[in-house]
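In our numbering, each number is its position in the sequence shown, counted from 1, plus 8.
Cβ atoms here follow ideal geometry from the backbone N, Cα and C, with glycine treated the same way.
These numbers come from a predicted model, not from an experiment.
Here the structure comes first, spelled out in structure tokens, and everything after it is commentary.
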Amino acid sequence: MRRREIAVRLALGAGRGRLIRQLLTESILLALMGSALGMLFAYWGSPVLVTLMAHGPNRVTLDVHPDPSVLGFTLVVALATGIAFGVTPALRATRMSGIESVQASSRNLTASRRGRSLGRGLVIAQVALSLVMIISAGLLVRTLRNLETLEPGFSRHSVLMFGLDPTKAGYKGERAAQLRQEVLERIQQVPGVRSQSFSFLTPISGGGWDNYASFVEGYTPYPGDDMDAYINAVSPRFFETLGTPVLLGRDFGPQDHAGSAFVALINQTMARRFFANRNPLGKHFGLGEWSGKRGIEIIGVTQDAKYISLREKVPPTAYLYIPQLPQAASPGGVTFEVSSTVPPMGLAPQVRNLLQRVDSRLTATDLKTLAEQVDQSLYQEKLVSTLSSFFAVLALVLACIGLYGTMSYAVARRTNEIGIRMALGAESHRILRMVLREAVTLVMLGIVIGVPAALVASRLIGTMLYGLKATDPVTILAAVGLMAVVAVLAGYIPARRAASVDPMVALRYE
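This is the structure we're talking about:
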């Protein structure tokens with residue numbers, strides 16, 4: 009746009025080196041101003057981003073205030089950017105002699121096709137990269153949504169949990185078992201409690217207790233057969249408290265005790281794994297020497313539930329009765345679960361007071377709701393989803409700014425041409441369509457490049473996805489639609505400005 013000015017100055021005897029230094033200075037100043045605005049945005053936006061990452065019970069502690077090393081690095085990058093993107097235009101603008109420059113400018117050869125192609129190429133690249141970010145973020149956001157809404161096999165709401173280890177207060181053996189039972193009975197008397205239980209493991213706890221089924225009645229293993237089973241030890245009403253239905257048979261009851269035959273409930277997966285279409289009730293299986301020669305009798309089948317993570321494929325699971333565990337296998341610490349008709353954390357003070365009344369040495373540990381435990385298990389997914397969404401929005405904004413700048417420059421460069429067209433009878437809507445067509449072309453080229461690039465990039469995050477594929481068409485189409493709409497809106501503003509130009513003003517424009 010300044011080629012005519014530079015041509016005149018060269019014709020009047022201005023030195024090429026001096027003009028190059030001036031143009032480089034202007035480029036560096038623009039880069040420094042941009043970096044200053046970027047630092048202000050980072051100073052304001054970083055705490056906001058940390059706040060977004062620290063939602064729920066999780067806390068993120070990061071020092072996001074810029075230090076001298078960050079400021080120095082930013083300054084170096086700004087200077088390098090100003091020089092890198094300023095030296096080529098400066099050399100190109102001053103490469104002709106003064107007379108040649110004036111003659112070129114008078115023939116309207118001021119705008120280099122190479123320069124226009126470079127600007128358009130950068131916009132196309134911005135659109136393509138933005139689309140990669142948007143599609144990746146969309147896949148991760150939908151993964152989080154799938155995990156948050158899946159049916160885990162238990163009710164995550166209105167359940168309070170806390171740990172209790174009687175051995176730390178001096179209780180062992182039978183005394184520890186009696187204490188657990190006493191605490192269970194006292195919890196039942198607290199207003200707002202619907203049901204209560206305790207167990208060795210809780211849902212989505214991240215841990216597991218694996219064992220090997222030494223035999224399963226009626227099942228003949230093949231060579232190399234994997235007969236592993238996930239084990240949990242629970243009290244009566246455990247399934248009622250967590251909202252996991254017993255589909256077949258019964259729950260543990262008063263008839264089950266340390267002196268009676270060993271009993272267990274199994275989940276649907278274990279029933280299908282070892283019994284197929286046969287009724288497993290009354291059948292026996294073994295879990296080591298302590299289960300006896302006859303083994304453990306199956307008294308019920310429960311709905312599948314997830315215990316390690318929400319992503320896991322539910323393994324064959326057996327639920328043992330804690331009072332029947334041998335002393336060596338009986339857990340010292342257990343987790344109590346309390347289902348309530350009131351907000352669960354409202355019961356926390358009463359639980360602490362209750363334990364103090366039973367024994368002042370008892371302390372409730374890791375007191376939280378089951379919903380919080382599930383939420384904590386999704387921390388990584390929420391963090392990645394938040395970060396990817398943040399940078400996708402940032403990339404989209406930058407792409408729109410680039411498109412707006414390019415189209416504004418194109419309109420300014422063609423103002424004289426637009427004036428001639430309008431003077432010859434071209435209507436405003438035709439001018440609008442002409443300019444907007446150029447913007448749409450840039451966006452479509454970016455989309456054509458961006459979609460294949462996004463498909464390649466999405467395969468890199470394939471292991472992080474759940475409930476959808478990396479080539480999910482809904483996510484891709486939604487991202488393309490969003491990119492197209494927002495980018496075209498960014499190009500509409502300069503197009504509208506071109507359509508409203510006064511022909512007489514445009515004809516006099518240089």
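Contact set for residue i: own chain, Cβ-Cβ below 7 angstroms, skip 5 residues either direction
i, result
"residue 360", "372"
"residue 374", "170, 171"
"residue 202", "347, 348, 349"
"residue 302", "292"
"residue 473", "147, 151"
"residue 163", "250, 251"
"residue 461", "136, 140"
"residue 389", "151, 152, 155"
"residue 495", "135, 407, 408, 411, 451"
Among the options, nearest to residue i - alpha-carbon criterion
i, options, result
"residue 53", "192, 481, 402, 492", "402"
"residue 414", "395, 498, 391", "498"
"residue 491", "407, 474, 464", "407"
"residue 332", "385, 455, 240", "240"
"residue 344", "210, 279, 271, 483", "210"
"residue 316", "391, 437, 463, 160", "160"
"residue 416", "405, 127, 282", "127"
"residue 5", "133, 282, 29", "In the structure as shown, the chain starts at 9 and stops at 518, and residue 5 therefore has no counterpart that could be examined."
"residue 223", "393, 183, 216, 237", "237"
"residue 370", "42, 220, 125, 178", "178"
"residue 488", "457, 367, 257, 477", "457"
"residue 176", "196, 341, 351, 391", "341"
"residue 279", "304, 77, 309", "309"
"residue 195", "428, 357, 448", "357"
8 angstroms Cβ shell around residue i - same chain, five flanking residues per side excluded
i, result
"residue 91", "32, 35, 36"
"residue 504", "440"
"residue 355", "168, 198, 200, 201, 346, 348"
"residue 393", "145, 148, 149, 151, 152"
"residue 399", "141, 145"
Span separating the alpha-carbon of residue i from that of residue j
i, j, result
"residue 226", "residue 291", "8 angstroms"
"residue 453", "residue 254", "57 angstroms"
"residue 250", "residue 377", "12 angstroms"
"residue 233", "residue 475", "29 angstroms"
"residue 484", "residue 426", "37 angstroms"
"residue 45", "residue 397", "22 angstroms"
"residue 395", "residue 469", "14 angstroms"
"residue 145", "residue 283", "43 angstroms"
"residue 506", "residue 443", "8 angstroms"
"residue 216", "residue 158", "21 angstroms"
"residue 477", "residue 154", "12 angstroms"
"residue 79", "residue 204", "57 angstroms"
"residue 266", "residue 257", "20 angstroms"
"residue 367", "residue 379", "29 angstroms"
"residue 75", "residue 43", "15 angstroms"
"residue 118", "residue 479", "Interpretation of residue 118 is limited by its pLDDT of 45, a score under 50 that renders its predicted location unreliable; no figure is taken from the coordinates."
Three-state secondary structure assigned by DSSP to residue i
i, result
"residue 110", "Only weak support exists for where residue 110 lies, its pLDDT of 46 falling under 50; the coordinates are left without a value."
"residue 151", "helix"
"residue 204", "strand"
"residue 260", "coil"
"residue 404", "helix"
"residue 508", "coil"
"residue 447", "helix"
"residue 314", "coil"
"residue 41", "helix"
"residue 387", "helix"
"residue 237", "strand"
"residue 198", "coil"
"residue 361", "helix"
"residue 158", "coil"
"residue 291", "coil"
"residue 336", "Low per-residue confidence applies at residue 336: pLDDT is 46, beneath 50, and the placement is therefore not dependable enough to give any value."
"residue 223", "strand"
Beta carbon proximity, residue i to chain B, threshold 8 angstroms
i, result
"residue 347", "Chain labels in this structure do not include chain B; a single protein chain is all it has."
Cutoff 6 angstroms; reference residue i; Cβ partners in own chain excluding five residues on either side
i, result
"residue 184", "174"
"residue 326", "237, 239, 272, 274"
"residue 438", "none"
The ligand NAD heavy atom lying under 7 angstroms from the CB of residue i
i, result
"residue 467", "Looking for the ligand NAD in the displayed structure turns up nothing, as the structure carries no ligands at all."
> Which ranges would you report for the alpha helix (DSSP H) in the segment 418-443 if only whole runs of at least 4 residues count?
Replying inline: Uninterrupted alpha helix (DSSP H) stretches at least 4 residues long and entirely within the segment 418-443 occur at 423-431, given in chain order.
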